[in-house]
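Residue numbers (the working numbering), protein chains in the order written: chain A, 66 to 234; chain B, 228 to 769.
Glycine included, each C-beta is placed from N, C-alpha and C at the ideal position.
Note that this is a predicted model, so its numbers are computed, not measured.
Let me begin by presenting the structure, written as structure tokens, before commenting on it.
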């Protein structure tokens, strides 16, 4: 593949409006930025605020061109609502010769009883994702603090740590 | 400059940062996805920003500021420029003393709009220079360039953005020298021939405008906004001409191609384009929306390939550009359907739409959250065209329908939309009253909800939520001579609202019903603003 983007990591985060899809993608993009990567993040605001389907693309690496993850090129698909898995599965990179397909991460990865707050499931799933990404743990923590109000820091840092400690295939 | 501050910004935020660095004295406009965050960010950064009741007013206020020597930024979504087109075309004739930058944020693919018009057409139609950034870095740099261009040629400049430029976040280095300060502090300079567009003055003004454009076209041939980015393939092979977001998609889809990246897309650097096309075996224009570039380039006698018609619809992306370059015109698979948006559970609008459904009303609707009343479970809307058309389209139907059907017609309009374009509809209703009268419902939820809860003249608070003058819809309607003006809380007074609606539909008279209850999402913040305003009033003067 003669693409200048071959070193780019593609993540799609999907769910329903109000679940924290955009907040999760803001934290991921900020953490990648703080780790020194070039970053682009794309999403559509507006109608999607009203409980409809919403997806946000985050791409990072040495050099990113388009802000949108090309169809079928997502290395990771993080879905916050179980009913949004199928409508978004087409984003995932299919398994190719000598290369595994993209990974799907859903709330099933997290033990709900261990979650400090149900609202923090988006950040907990970022913790699961973080095990697979070249982003420093301190960059994640700084990004969580920078993108959330102070009163939510402790809960979300705890949720992130829970996800980061969760083994995922 | 090596230590310039680096930030991860949306295109909207980058325009706001540049507005601040570029000494914009006044930012104005009307909220509209995807442009809204520009003025909100500019205000949060300390700039003077205000919401106008509509885009025409915003542009006129900005023009006045620029006449008086203050730099102005006016922001709107693509359809907003239709509303502001009247001042836009003649502002091109008058020109300005200080910079006037007009942002048109287009929405290809209609993520949150009623059409996907391509506002690059406005640059040519109004004869104004147009800049198109591809990412947030360029949104920052091109805003500064627009300020400079506007003052160098003393004319308004269009900064044309699209959804993916406005809302994508990319890394921005806040470098680039800000434009020099305008000539002196704002002051009035009398210039009757330049500013008073009676025909005798407008005829030479049109000639001056065309002369300026010819100069800008010459400047554009070598200006840094237009440049060639070499590809990884062999030279003289594939050449791509692109602007805006299409440029980054094209560079990713065809890394081997050389790209002529156009930042100034009106007037076009036709010499540069001609030379680029001549130097490549195959030249393809990659553009989102209408074949604006391709048609202009072909009209100049330069042979280029362009996209098959199917790519005129919707947004481009890397996959579509790959297919476009392959000349693939086969029908594209529709993406899997997602869950449509809907009114929030308990939304005050929902109570109104249930009543309209029960009464079997023919509903002339309008633009806002309440347009979602068209979707299940309510399905209580029959038309939605543009801001304000709820009232006037309803009147048109009342005029021609047989009386029994005409009496079922109601108009529904939100509070911010009413201020934007509904007031003249009420005037029309009083002046040209249909034989069966009419019923207008103003759904007042105390905010511009759909675009993210912006203030408007009916809330009595300014863009930054500080207290401001307040328009009373009921007083306004009564002052126009409408006798039946009623106000209800749609959630708590549903029964009374139902009875009032029954009476209004039976009477061959004019009725305005205001359903007033704050948006569920905004109610908490509105209470905070009101408390803060109360606290201010109680403080003794120092």
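8 angstroms Cβ shell around residue i - same chain, five flanking residues per side excluded
i                      : result
residue 769 of chain B : Any reading at residue 769 of chain B must be qualified, since the residue scores a pLDDT of 43, below 50, and its modelled position is unreliable; no value is offered.
residue 216 of chain A : none
residue 758 of chain B : none
residue 69 of chain A  : Per-residue confidence for residue 69 of chain A stands at a pLDDT of 43, beneath the threshold of 50, marking its modelled position as unreliable; the derived number appears in the next sentence. The answer, listed in chain order, is 128, 130.
residue 272 of chain B : 243, 244, 247
residue 233 of chain B : 398, 399, 400, 401
residue 516 of chain B : 333, 335, 343, 345, 347, 539
residue 225 of chain A : 188, 189, 191, 192, 195, 205, 206, 209
Own chain, CB closer than 6 angstroms to residue i, minus 5 neighbours either side, in chain order
i                      : result
residue 172 of chain A : 186
residue 240 of chain B : 268
residue 85 of chain A  : 187
residue 614 of chain B : 594, 644, 647, 648
residue 523 of chain B : 495
residue 481 of chain B : 552
residue 67 of chain A  : Caution is warranted here: a pLDDT of 37 is assigned to residue 67 of chain A, below 50, making its placement in the model unreliable, and no coordinate value can be reported.
residue 125 of chain A : 74, 97, 102, 104
residue 676 of chain B : 596, 746
residue 302 of chain B : 256, 262, 265, 266, 330
residue 460 of chain B : 483
residue 138 of chain A : 75, 158
In DSSP terms, what residue i is bridged to
i                      : result
residue 493 of chain B : B:357
residue 694 of chain B : B:688
residue 125 of chain A : A:74, A:104
residue 486 of chain B : B:456, B:467
residue 590 of chain B : B:637
residue 715 of chain B : B:742
residue 301 of chain B : B:255, B:329
residue 120 of chain A : A:79
residue 699 of chain B : According to DSSP, residue 699 of chain B bridges with nothing at all.
Beta-carbon neighbours of residue i, restricted to chain A and to distances below 9 angstroms
i                      : result
residue 570 of chain B : 115, 116
residue 399 of chain B : Within chain A, no residue comes near residue 399 of chain B; the closest Cβ sits about 11 angstroms away, beyond 9 angstroms.
residue 546 of chain B : 135, 136, 137, 138
Contact list for residue i against chain B, beta-carbon separation under 7 angstroms
i                      : result
residue 81 of chain A  : 566
residue 233 of chain A : Under the 7 angstroms cutoff, chain B gives no residues; its nearest Cβ is about 25 angstroms from residue 233 of chain A.
Interface residues of chain B facing residue i [CB-CB closer than 9 angstroms]
i                      : result
residue 94 of chain A  : 235, 396
residue 225 of chain A : Ordered by position in chain B, no residue passes the 9 angstroms Cβ test against residue 225 of chain A, which lies about 19 angstroms from the chain.
residue 151 of chain A : 563
residue 72 of chain A  : Residues of chain B passing the Cβ test: none, with the nearest at roughly 13 angstroms.
residue 218 of chain A : The premise fails here: residue 218 of chain A is roughly 20 angstroms from chain B at the closest Cβ pair, so nothing lies under 9 angstroms.
Contacts around residue i, its chain only, beta-carbon distance under 7 angstroms, and the 5 residues preceding and following it disregarded
i                      : result
residue 228 of chain B : Low confidence applies to residue 228 of chain B: its pLDDT is 41, below 50, so where it sits in the model is not reliable, and the reading given next is rough at best. Cβ within range, chain order: 402.
residue 307 of chain B : 257, 259, 282
residue 408 of chain B : 250
residue 80 of chain A  : 86, 119, 144, 145, 146, 149
residue 692 of chain B : 682, 756
residue 152 of chain A : 118
residue 571 of chain B : 747, 748
residue 634 of chain B : 663, 732
Contact list for residue i against chain B, beta-carbon separation under 8 angstroms
i                      : result
residue 140 of chain A : Chain B residues near residue 140 of chain A: none, gap ~15 angstroms exceeds 8 angstroms.
residue 104 of chain A : 235, 396, 397, 398
Interface partners of residue i on chain A, CB under 8 angstroms
i                      : result
residue 475 of chain B : 130, 131, 132
residue 469 of chain B : The contacting residues do not exist; residue 469 of chain B stays about 12 angstroms from chain A at best.
heavy atom of the ligand PLP below 7 angstroms from residue i C-beta
i                      : result
residue 686 of chain B : The ligand PLP is not part of the structure shown, which contains no ligands of any sort.
Residues that residue i contacts on chain A, provided the C-beta gap is smaller than 7 angstroms
i                      : result
residue 390 of chain B : 109
>> Can you confirm whether the stretch 273 to 290 of chain B touches the stretch 416 to 436 of chain B when touching is taken to mean that 3 or more C-beta pairs between the two stretches lie within less than 8 angstroms?
In response: no
>> Quick check: the stretch 230 to 248 of chain B against the stretch 370 to 379 of chain B, are at least 3 beta-carbon pairs closer than 8 angstroms?
In response: yes
> What are the complete alpha helix (DSSP H) segments, minimum 4 residues, inside the stretch 128 to 160 of chain A?
Replying inline: 150 to 153
> In the stretch 436 to 481 of chain B, which residue ranges form an unbroken beta strand (DSSP E) of at least 3 residues, counting only runs that do not cross its ends?
Replying inline: 454 to 456, 465 to 470
>> Three or more C-beta pairs under 8 angstroms: does that hold for the stretch 585 to 600 of chain B against the stretch 566 to 576 of chain B?
In response: yes
> Which whole runs of the beta strand (DSSP E) in the stretch 305 to 370 of chain B are 3 residues long or more, in chain order?
Replying inline: 327 to 333
>> Which runs of the alpha helix (DSSP H) at least 4 residues long sit entirely within the stretch 231 to 283 of chain B? Give them in chain order.
In response: 238 to 248, 264 to 271
> Unbroken alpha helix (DSSP H) runs of length 4 or more, entirely within the stretch 632 to 696 of chain B: which are they?
Replying inline: 650 to 658
> What runs of the beta strand (DSSP E), each 3 residues or longer, lie entirely inside the stretch 373 to 424 of chain B?
Replying inline: 384 to 389, 396 to 400
>> Could you check whether the stretch 733 to 746 of chain B touches the stretch 699 to 719 of chain B, counting it as contact only if at least three pairs of C-beta atoms, one from each stretch, sit closer than 8 angstroms?
In response: yes
>> Runs of 3 residues minimum, wholly inside the stretch 592 to 635 of chain B: which ones carry the beta strand (DSSP E) assignment?
In response: none
>> Between the stretch 617 to 634 of chain B and the stretch 692 to 704 of chain B, can you find at least three pairs of beta-carbon atoms closer than 8 angstroms?
In response: no
>> My parser needs the beta strand (DSSP E) runs of 3 or more residues fully inside the stretch 505 to 532 of chain B; what are they?
In response: 509 to 513
>> Any contact between the stretch 421 to 438 of chain B and the stretch 465 to 476 of chain B? By contact I mean 3 or more CB pairs, one from each, below 8 angstroms.
In response: no
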